[in-house]
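Encoded as C-alpha coordinates, the structure appears first; notes follow it.
Residue numbers (our numbering): 1 to 366.
What follows is the structure, encoded as C-alpha coordinates:
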(Lines of atoms letter the chains of each structure in order from A; the text may use other names.)
(Lines give C-alpha, C1' and ligand atoms only; values in the text may rest on other atoms or scores of the structure.)
Protein backbone atom coordinates (compact mmCIF):
# COMPACT_ATOMS: atom_id res chain seq x y z
CA UNK A 1 0.00 0.00 0.00
CA UNK A 2 1.38 3.40 -0.98
CA UNK A 3 1.58 6.34 1.41
CA UNK A 4 -0.48 9.44 0.59
CA UNK A 5 2.60 11.58 -0.09
CA UNK A 6 4.10 8.80 -2.24
CA UNK A 7 1.15 9.22 -4.61
CA UNK A 8 1.57 13.01 -4.89
CA UNK A 9 5.32 13.78 -4.80
CA UNK A 10 8.23 12.45 -6.86
CA UNK A 11 10.75 10.21 -5.09
CA UNK A 12 13.45 9.63 -7.68
CA UNK A 13 16.18 11.75 -6.09
CA UNK A 14 17.88 12.16 -2.74
CA UNK A 15 15.88 14.61 -0.63
CA UNK A 16 18.01 14.44 2.50
CA UNK A 17 21.73 13.74 2.69
CA UNK A 18 21.43 13.67 6.48
CA UNK A 19 18.69 13.50 9.11
CA UNK A 20 17.20 16.81 10.20
CA UNK A 21 15.66 15.78 13.50
CA UNK A 22 17.78 15.99 16.64
CA UNK A 23 18.93 12.46 17.47
CA UNK A 24 19.71 13.41 21.07
CA UNK A 25 16.10 14.44 21.60
CA UNK A 26 14.84 11.30 19.85
CA UNK A 27 16.91 9.03 22.08
CA UNK A 28 15.57 10.72 25.21
CA UNK A 29 12.02 10.44 23.89
CA UNK A 30 12.14 6.75 22.98
CA UNK A 31 14.56 5.44 25.64
CA UNK A 32 15.60 2.74 23.14
CA UNK A 33 17.92 0.57 25.27
CA UNK A 34 16.68 -3.02 25.01
CA UNK A 35 13.71 -1.98 22.87
CA UNK A 36 12.64 -3.17 19.43
CA UNK A 37 12.37 -0.01 17.35
CA UNK A 38 10.73 1.01 14.08
CA UNK A 39 12.36 4.04 12.50
CA UNK A 40 11.58 6.18 9.47
CA UNK A 41 14.76 6.08 7.39
CA UNK A 42 15.51 9.44 5.78
CA UNK A 43 19.33 9.31 5.50
CA UNK A 44 19.63 6.77 8.31
CA UNK A 45 21.50 8.79 10.95
CA UNK A 46 18.79 8.64 13.59
CA UNK A 47 18.17 4.95 13.04
CA UNK A 48 21.87 4.29 13.63
CA UNK A 49 21.68 6.57 16.68
CA UNK A 50 19.05 4.24 18.15
CA UNK A 51 21.51 1.36 17.77
CA UNK A 52 24.20 3.44 19.45
CA UNK A 53 21.81 4.01 22.35
CA UNK A 54 21.34 0.28 22.86
CA UNK A 55 18.24 -0.65 20.86
CA UNK A 56 17.79 -4.43 20.69
CA UNK A 57 16.70 -4.16 17.07
CA UNK A 58 15.89 -1.41 14.56
CA UNK A 59 13.70 -1.91 11.51
CA UNK A 60 14.30 1.03 9.16
CA UNK A 61 11.42 1.86 6.82
CA UNK A 62 12.00 4.17 3.84
CA UNK A 63 9.95 4.50 0.66
CA UNK A 64 12.45 6.54 -1.39
CA UNK A 65 15.05 4.32 -3.14
CA UNK A 66 17.52 7.22 -3.11
CA UNK A 67 17.23 7.50 0.67
CA UNK A 68 17.67 3.74 0.97
CA UNK A 69 20.92 4.15 -0.98
CA UNK A 70 22.06 6.73 1.59
CA UNK A 71 21.27 4.36 4.45
CA UNK A 72 22.99 1.41 2.77
CA UNK A 73 26.10 3.51 2.12
CA UNK A 74 26.34 4.38 5.80
CA UNK A 75 25.77 0.78 6.81
CA UNK A 76 28.61 -0.40 4.57
CA UNK A 77 30.81 2.35 5.98
CA UNK A 78 30.20 1.29 9.57
CA UNK A 79 30.96 -2.31 8.66
CA UNK A 80 33.98 -1.96 6.37
CA UNK A 81 35.74 1.36 7.03
CA UNK A 82 37.59 2.95 9.90
CA UNK A 83 36.23 6.10 11.50
CA UNK A 84 38.41 8.51 9.53
CA UNK A 85 37.57 6.97 6.15
CA UNK A 86 33.88 6.84 7.10
CA UNK A 87 33.87 10.57 7.80
CA UNK A 88 35.67 11.31 4.54
CA UNK A 89 33.21 9.23 2.53
CA UNK A 90 30.24 11.02 4.04
CA UNK A 91 31.85 14.42 3.63
CA UNK A 92 31.98 15.36 7.30
CA UNK A 93 35.75 15.40 6.92
CA UNK A 94 37.65 16.87 4.01
CA UNK A 95 39.16 14.29 1.69
CA UNK A 96 41.30 13.88 -1.39
CA UNK A 97 40.69 10.13 -1.52
CA UNK A 98 36.90 9.81 -1.61
CA UNK A 99 36.96 7.82 -4.87
CA UNK A 100 39.56 5.48 -3.39
CA UNK A 101 37.42 4.91 -0.30
CA UNK A 102 34.38 4.37 -2.51
CA UNK A 103 36.19 1.68 -4.49
CA UNK A 104 36.99 -0.07 -1.22
CA UNK A 105 33.34 -0.56 -0.26
CA UNK A 106 31.38 -0.55 -3.53
CA UNK A 107 31.64 -4.35 -3.69
CA UNK A 108 29.70 -4.55 -0.42
CA UNK A 109 26.69 -2.74 -1.92
CA UNK A 110 23.87 -3.88 -4.18
CA UNK A 111 24.07 -3.01 -7.90
CA UNK A 112 21.17 -0.55 -7.48
CA UNK A 113 22.95 1.33 -4.67
CA UNK A 114 26.24 1.38 -6.60
CA UNK A 115 24.45 2.70 -9.68
CA UNK A 116 22.74 5.42 -7.66
CA UNK A 117 25.96 6.76 -6.14
CA UNK A 118 27.93 6.59 -9.36
CA UNK A 119 25.26 8.78 -10.98
CA UNK A 120 25.78 11.49 -8.34
CA UNK A 121 28.49 13.56 -10.02
CA UNK A 122 28.82 16.12 -7.22
CA UNK A 123 29.26 13.77 -4.29
CA UNK A 124 32.94 13.20 -5.03
CA UNK A 125 33.49 16.82 -4.02
CA UNK A 126 31.12 17.24 -1.08
CA UNK A 127 30.49 13.73 0.23
CA UNK A 128 27.21 11.92 0.81
CA UNK A 129 25.81 14.28 3.46
CA UNK A 130 25.92 17.28 1.13
CA UNK A 131 24.12 16.07 -1.99
CA UNK A 132 20.49 16.00 -0.85
CA UNK A 133 17.96 18.50 -2.16
CA UNK A 134 17.54 19.96 1.34
CA UNK A 135 21.31 20.28 1.84
CA UNK A 136 21.64 22.04 -1.51
CA UNK A 137 18.95 24.44 -0.36
CA UNK A 138 20.98 25.27 2.73
CA UNK A 139 24.13 25.58 0.62
CA UNK A 140 22.47 28.26 -1.50
CA UNK A 141 21.46 30.03 1.70
CA UNK A 142 24.95 29.73 3.18
CA UNK A 143 26.91 30.76 0.07
CA UNK A 144 24.64 33.30 -1.62
CA UNK A 145 22.04 34.63 0.79
CA UNK A 146 23.52 34.72 4.29
CA UNK A 147 26.49 36.92 3.21
CA UNK A 148 23.98 39.65 2.36
CA UNK A 149 23.36 40.04 6.10
CA UNK A 150 26.40 38.61 7.89
CA UNK A 151 30.10 38.15 7.16
CA UNK A 152 31.95 34.87 7.64
CA UNK A 153 33.60 36.34 10.72
CA UNK A 154 30.25 37.20 12.27
CA UNK A 155 28.96 33.69 11.57
CA UNK A 156 31.96 32.20 13.37
CA UNK A 157 31.42 34.64 16.23
CA UNK A 158 27.83 33.42 16.55
CA UNK A 159 29.12 29.86 16.98
CA UNK A 160 31.36 30.76 19.92
CA UNK A 161 30.27 29.55 23.34
CA UNK A 162 28.53 32.19 25.50
CA UNK A 163 26.18 32.23 28.45
CA UNK A 164 22.45 32.89 27.96
CA UNK A 165 22.67 36.63 28.66
CA UNK A 166 25.58 37.10 26.26
CA UNK A 167 23.73 35.20 23.53
CA UNK A 168 20.70 37.46 23.94
CA UNK A 169 22.86 40.57 23.59
CA UNK A 170 24.66 39.18 20.53
CA UNK A 171 21.36 38.26 18.88
CA UNK A 172 19.62 41.57 19.55
CA UNK A 173 22.51 43.93 18.91
CA UNK A 174 24.48 42.15 16.18
CA UNK A 175 22.64 39.29 14.52
CA UNK A 176 18.97 40.26 14.30
CA UNK A 177 19.36 43.16 11.89
CA UNK A 178 16.94 44.27 9.19
CA UNK A 179 18.76 42.42 6.43
CA UNK A 180 18.70 39.17 8.40
CA UNK A 181 14.94 39.41 8.88
CA UNK A 182 14.42 40.34 5.23
CA UNK A 183 16.47 37.48 3.76
CA UNK A 184 14.90 35.05 6.20
CA UNK A 185 11.35 36.00 5.24
CA UNK A 186 12.26 35.62 1.58
CA UNK A 187 14.37 32.48 1.60
CA UNK A 188 12.28 30.48 4.05
CA UNK A 189 8.97 31.33 2.43
CA UNK A 190 6.70 28.49 1.42
CA UNK A 191 7.34 29.22 -2.26
CA UNK A 192 11.15 29.09 -2.13
CA UNK A 193 11.26 26.18 0.29
CA UNK A 194 9.03 24.24 -2.06
CA UNK A 195 11.04 25.22 -5.14
CA UNK A 196 14.54 24.65 -3.73
CA UNK A 197 14.19 22.57 -0.57
CA UNK A 198 11.15 20.45 0.14
CA UNK A 199 8.69 19.28 -2.51
CA UNK A 200 5.73 21.72 -2.82
CA UNK A 201 3.41 18.80 -2.06
CA UNK A 202 4.91 18.63 1.44
CA UNK A 203 3.12 21.93 2.15
CA UNK A 204 -0.34 20.73 1.12
CA UNK A 205 -1.74 20.88 4.66
CA UNK A 206 0.24 23.93 5.86
CA UNK A 207 -1.57 27.13 6.83
CA UNK A 208 -0.13 30.54 7.69
CA UNK A 209 3.37 31.98 7.30
CA UNK A 210 6.13 29.40 7.09
CA UNK A 211 9.00 31.89 7.48
CA UNK A 212 7.55 33.62 10.55
CA UNK A 213 7.26 30.36 12.46
CA UNK A 214 10.78 29.24 11.59
CA UNK A 215 12.25 32.65 12.42
CA UNK A 216 10.91 32.47 15.97
CA UNK A 217 12.34 28.98 16.42
CA UNK A 218 15.66 30.17 15.01
CA UNK A 219 15.82 32.84 17.68
CA UNK A 220 15.27 30.08 20.26
CA UNK A 221 18.20 28.12 18.81
CA UNK A 222 20.49 31.15 18.84
CA UNK A 223 19.58 32.46 22.29
CA UNK A 224 18.02 29.78 24.50
CA UNK A 225 20.31 27.01 23.22
CA UNK A 226 24.08 27.14 22.77
CA UNK A 227 24.98 27.49 19.06
CA UNK A 228 28.53 26.28 19.80
CA UNK A 229 27.34 22.71 20.39
CA UNK A 230 24.55 22.58 17.81
CA UNK A 231 25.58 20.30 14.90
CA UNK A 232 22.52 21.14 12.80
CA UNK A 233 22.97 24.90 13.06
CA UNK A 234 26.72 24.56 12.50
CA UNK A 235 26.18 22.61 9.26
CA UNK A 236 23.58 25.08 7.96
CA UNK A 237 25.87 28.06 8.57
CA UNK A 238 29.29 26.57 7.72
CA UNK A 239 28.73 23.29 5.87
CA UNK A 240 30.73 21.44 8.55
CA UNK A 241 30.10 19.61 11.83
CA UNK A 242 33.58 20.03 13.27
CA UNK A 243 33.25 20.63 17.00
CA UNK A 244 29.63 19.44 17.23
CA UNK A 245 28.61 15.98 16.01
CA UNK A 246 25.24 14.22 15.71
CA UNK A 247 25.11 10.97 17.69
CA UNK A 248 25.61 8.67 14.69
CA UNK A 249 28.81 10.51 13.71
CA UNK A 250 30.44 10.66 17.14
CA UNK A 251 33.71 8.75 17.22
CA UNK A 252 32.74 6.97 20.42
CA UNK A 253 29.65 5.49 18.73
CA UNK A 254 31.33 4.28 15.54
CA UNK A 255 32.41 0.86 16.82
CA UNK A 256 29.24 0.50 18.87
CA UNK A 257 27.07 0.91 15.77
CA UNK A 258 29.31 -1.33 13.68
CA UNK A 259 29.12 -4.03 16.34
CA UNK A 260 25.32 -3.85 16.43
CA UNK A 261 25.19 -4.17 12.64
CA UNK A 262 27.48 -7.21 12.71
CA UNK A 263 25.08 -8.76 15.23
CA UNK A 264 22.26 -8.31 12.69
CA UNK A 265 20.28 -5.86 14.82
CA UNK A 266 19.13 -3.68 11.89
CA UNK A 267 16.99 -4.43 8.87
CA UNK A 268 16.26 -1.95 6.08
CA UNK A 269 12.89 -2.08 4.33
CA UNK A 270 12.23 -0.20 1.10
CA UNK A 271 8.60 0.87 0.88
CA UNK A 272 6.00 2.90 2.72
CA UNK A 273 5.24 2.47 6.40
CA UNK A 274 1.77 1.36 5.35
CA UNK A 275 3.19 -1.48 3.24
CA UNK A 276 5.57 -2.46 6.06
CA UNK A 277 2.58 -2.72 8.41
CA UNK A 278 0.84 -5.08 6.00
CA UNK A 279 3.83 -7.48 6.14
CA UNK A 280 4.76 -7.13 9.80
CA UNK A 281 3.86 -9.85 12.29
CA UNK A 282 5.89 -8.65 15.30
CA UNK A 283 5.31 -6.34 18.25
CA UNK A 284 7.42 -3.22 18.67
CA UNK A 285 8.47 -1.11 21.64
CA UNK A 286 9.42 2.23 20.07
CA UNK A 287 8.54 4.22 16.95
CA UNK A 288 10.56 7.06 15.40
CA UNK A 289 8.04 8.55 13.00
CA UNK A 290 9.99 11.66 11.97
CA UNK A 291 7.35 14.14 10.72
CA UNK A 292 5.42 11.77 8.45
CA UNK A 293 1.97 12.94 9.57
CA UNK A 294 2.86 16.41 8.25
CA UNK A 295 2.23 15.20 4.70
CA UNK A 296 -1.09 13.43 5.29
CA UNK A 297 -4.71 14.37 5.66
CA UNK A 298 -6.19 13.93 9.12
CA UNK A 299 -8.11 10.88 7.90
CA UNK A 300 -5.02 9.15 6.52
CA UNK A 301 -3.01 10.10 9.61
CA UNK A 302 -5.65 8.48 11.81
CA UNK A 303 -5.68 5.33 9.70
CA UNK A 304 -1.90 4.98 9.87
CA UNK A 305 -1.82 5.72 13.59
CA UNK A 306 -4.38 2.99 14.24
CA UNK A 307 -2.26 0.56 12.23
CA UNK A 308 0.80 1.41 14.33
CA UNK A 309 -1.11 0.83 17.55
CA UNK A 310 -2.00 -2.59 16.21
CA UNK A 311 1.68 -3.63 16.25
CA UNK A 312 2.74 -1.69 19.36
CA UNK A 313 3.59 -3.54 22.55
CA UNK A 314 2.17 -2.28 25.87
CA UNK A 315 4.35 0.59 27.06
CA UNK A 316 5.67 1.32 23.56
CA UNK A 317 6.93 4.86 22.98
CA UNK A 318 5.92 6.86 19.90
CA UNK A 319 7.77 10.04 18.91
CA UNK A 320 7.15 12.39 16.01
CA UNK A 321 7.49 16.04 15.10
CA UNK A 322 5.16 18.75 13.84
CA UNK A 323 6.89 21.36 11.74
CA UNK A 324 4.04 23.36 10.25
CA UNK A 325 0.98 21.08 10.42
CA UNK A 326 -0.56 20.17 13.81
CA UNK A 327 -0.93 16.40 14.12
CA UNK A 328 -1.26 14.15 17.18
CA UNK A 329 -3.05 11.00 18.25
CA UNK A 330 -6.59 11.05 16.81
CA UNK A 331 -9.25 11.72 19.43
CA UNK A 332 -10.91 8.37 18.75
CA UNK A 333 -7.69 6.57 19.75
CA UNK A 334 -6.71 8.69 22.75
CA UNK A 335 -7.94 6.06 25.21
CA UNK A 336 -5.19 3.74 23.94
CA UNK A 337 -2.23 6.05 24.59
CA UNK A 338 -0.93 8.43 27.22
CA UNK A 339 0.50 11.70 25.94
CA UNK A 340 3.79 12.49 27.67
CA UNK A 341 3.19 16.24 27.53
CA UNK A 342 5.85 17.34 30.01
CA UNK A 343 8.53 15.17 28.39
CA UNK A 344 7.58 16.31 24.88
CA UNK A 345 7.62 19.98 25.89
CA UNK A 346 10.96 19.68 27.67
CA UNK A 347 12.60 17.89 24.77
CA UNK A 348 11.14 20.31 22.22
CA UNK A 349 12.79 23.16 24.09
CA UNK A 350 16.09 21.25 23.94
CA UNK A 351 15.69 20.44 20.23
CA UNK A 352 18.72 21.68 18.29
CA UNK A 353 17.06 20.91 14.93
CA UNK A 354 15.12 24.02 15.66
CA UNK A 355 12.62 24.37 12.82
CA UNK A 356 9.97 22.11 14.38
CA UNK A 357 7.01 23.58 16.23
CA UNK A 358 6.30 20.61 18.45
CA UNK A 359 7.60 17.21 19.51
CA UNK A 360 4.94 14.68 20.46
CA UNK A 361 5.81 11.75 22.70
CA UNK A 362 3.11 9.19 23.44
CA UNK A 363 3.11 5.90 25.32
CA UNK A 364 0.84 2.96 24.52
CA UNK A 365 -1.30 1.90 27.45
CA UNK A 366 -0.95 -1.66 28.72
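Glycine included, every Cβ here is placed at the ideal spot set by N, Cα and C.
For the segment 305-312 against the segment 341-357, are there 3 or more C-beta pairs whose distance is under 8 Å? no
Extent of the continuous beta strand (DSSP E) run through residue 78: Your numbering for residue 78 matches position 78 in the chain shown. Careful: residue 78 lies outside any beta strand (DSSP E), inside the alpha helix (DSSP H) at 65-80.
Would you list the one or two residues that DSSP bridges to residue 37? Position 37 of the chain shown, counted from the start, is the residue given in the question as residue 37. For residue 37, which the question treats as bridged, DSSP gives the partners 58, 286.
Could you say which of 324, 339, 323 lies nearest to residue 330 if we only look at CA atoms? Reading the chain shown from its first residue, position 330 is the one you call residue 330. Selected option, being the one with the closest Cα: 339.
Pull up the CB-CB distance for residue 128 and residue 73, whole angstroms please, since I reckon it's below 8 Å. Translated into positions along the chain shown, residue 128 becomes position 128. Translated into positions along the chain shown, residue 73 becomes position 73. About 6 Å; that satisfies the 8 Å criterion.
Complete runs of the alpha helix (DSSP H) confined to the segment 259-304 [at least 4 residues]: 273-279
Pick from 33, 235, 161, 333: whose alpha carbon is nearest that of residue 223? Translated into the one-based positions of the chain shown, residue 223 becomes position 223. For residue 223, the nearest C-alpha among the options comes from 161.
What does the Cβ neighbour count give for residue 92, buried or exposed, with the cut at 16 atoms within 10 Å? Along the chain shown, one-based indexing puts residue 92 at 92. Buried: at least 16 other Cβ atoms inside 10 Å.
Measure the Cβ-Cβ separation of residue 287 and residue 308 and say whether it is below 8 Å. Position 287 of the chain shown, counting from 1, holds the residue named residue 287. Position 308 of the chain shown, counting from 1, holds the residue named residue 308. Yes; because the gap between Cβ atoms is below 8 Å, this pair is in contact.
Per DSSP, which residues does residue 318 bridge with? Please list them. As a working note, residue 318 is residue 318 in the chain shown. In DSSP, residue 318 forms a bridge with 287, 362.
Hey, which unbroken runs of the alpha helix (DSSP H) at 4 residues or more fall wholly within the segment 77-150? 83-90, 98-105, 111-119, 123-126, 133-140
Mind the definition here: the segment 82-97 touches the segment 47-60 only if three or more C-beta pairs lie below 8 Å; say whether that holds. no
Go ahead and pull the three-state DSSP assignment for residue 240. For the purposes of this step, residue 240 is taken as the residue at position 240 of the chain shown. Residue state, collapsed to three classes: coil.
Look at the Cβ atom of residue 320, then the Cβ atom of residue 360, and state whether they are nearer than 8 Å. Along the chain shown, one-based indexing puts residue 320 at 320. Along the chain shown, one-based indexing puts residue 360 at 360. In this structure, residue 360 lies closer than 8 Å to residue 320 by Cβ.
Range covered by the alpha helix (DSSP H) that runs through residue 224: For the purposes of this step, residue 224 is taken as the residue at position 224 of the chain shown. Run containing residue 224: none; DSSP gives neither H nor E here.
Just confirm the distance between the C-beta atoms of residue 249 and residue 352, as a whole number of angstroms; I'd bet it's less than 8 Å. For the purposes of this step, residue 249 is identified with residue 249 of the chain shown, where counting begins at 1. For the purposes of this step, residue 352 is identified with residue 352 of the chain shown, where counting begins at 1. Not quite, the Cβ-Cβ distance comes to about 14 Å (not below 8 Å), so this is no contact.
Collapsed DSSP secondary structure at residue 342 in the structure displayed: What you label residue 342 is simply residue 342 of the chain shown in a count that begins at 1. Of the three classes helix, strand and coil, the one that applies to residue 342 here is helix, per DSSP.
Burial state of residue 182, where buried means 16 or more other Cβ atoms lie within 10 Å: Start at 1 with the first residue of the chain shown, and residue 182 comes out as number 182. That one is exposed.
Between the segment 12-20 and the segment 130-146, can you find at least three pairs of beta-carbon atoms closer than 8 Å? yes
Is it right to say residue 46 is buried, meaning 16 or more other beta carbons lie within 10 angstroms of its own, or is it exposed? Along the chain shown, read from residue 1 onward, the residue named residue 46 stands at position 46. When all chains shown are included, residue 46 counts as buried.
Mind checking which residues open and close the alpha helix (DSSP H) that includes residue 169? For the purposes of this step, residue 169 is taken as the residue at position 169 of the chain shown. Unbroken alpha helix (DSSP H) run through residue 169: 164-170.
Can you give me the Cβ contacts of residue 337 inside the same chain, cut-off strictly under 8 Å, excluding the 5 residues immediately before and after it? On the chain shown, residue 337 is found 337 positions in, with the first residue counted as 1. These residues qualify, in order along the chain: 309, 318, 329, 362, 363, 364, 365.
Compute the beta-carbon to beta-carbon distance between residue 377 and residue 155, rounded to the nearest angstrom, for a pair I have assumed lies under 8 Å. The requested residue 377 is not part of the displayed model; the chain covers only 1 to 366.
DSSP on residue 337, reduced to helix/strand/coil? As a working note, residue 337 is residue 337 in the chain shown. Residue state, collapsed to three classes: strand.
Which same chain residues end up closer than 8 Å to residue 141 when comparing Cβ atoms and leaving out the 5 residues on each side of it in sequence? Within the chain shown, the letter at position 141 stands for residue 141. Cβ neighbours of residue 141 beyond the five flanking positions: 187, 236.
Anticipated Cβ contact below 8 Å, residue 89 with residue 98, distance rounded: To locate residue 89, count along the chain shown from 1; it is residue 89. To locate residue 98, count along the chain shown from 1; it is residue 98. Indeed they touch by this definition, with Cβ atoms about 6 Å apart.
Which residues bound the alpha helix (DSSP H) around residue 155? As a working note, residue 155 is residue 155 in the chain shown. Note, residue 155: alpha helix (DSSP H), 152-158.
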